[in-house]
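Have a look at the structure below before the remarks.
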Amino acid sequence: MPRKIEEIKEFLLTARQKDAKSVKIKRNKDNVKFKVRCRGHLYALVITDKE
2 MPRKIEEIKE FLLTARQKDA KSVKIKRNKD NVKFKVRCRG HLYALVITDK E
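Numbering of the sequence shown is given in the numbering used here, commencing with residue 2 and proceeding in unit increments.
In structure tokens form, the structure reads like this:
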């Protein structure tokens, strides 16, 4: 189960950690998900599409 991140700034800091391995972007009809894989956890940022 990924850990949810609410703030964009917090996600960017997590993605810059030394143990961050990969970032995946998944686009859906309603939202965009940004996922970063770190050593112990998977972190996810979900942004809903306003348009």
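Beta carbons are placed, not taken as given, at the ideal position from N, Cα and C, and that holds for glycine.
An exposed status is given to Val33, since fewer than 16 other beta-carbon atoms sit within 10 Å of its beta-carbon. Burial check for Leu14: the Cβ neighbour count within 10 Å stays below 16, so the residue is exposed. Nearest in C-alpha terms to Val47, of all of Cys39, Ile26 and Arg38, is Ile26. Boundaries of the alpha helix (DSSP H) around Ala16: Ile9 to Ala16. Cβ-Cβ separation between Tyr44 and Arg17: approximately 12 Å, too far for a contact (criterion under 8 Å).
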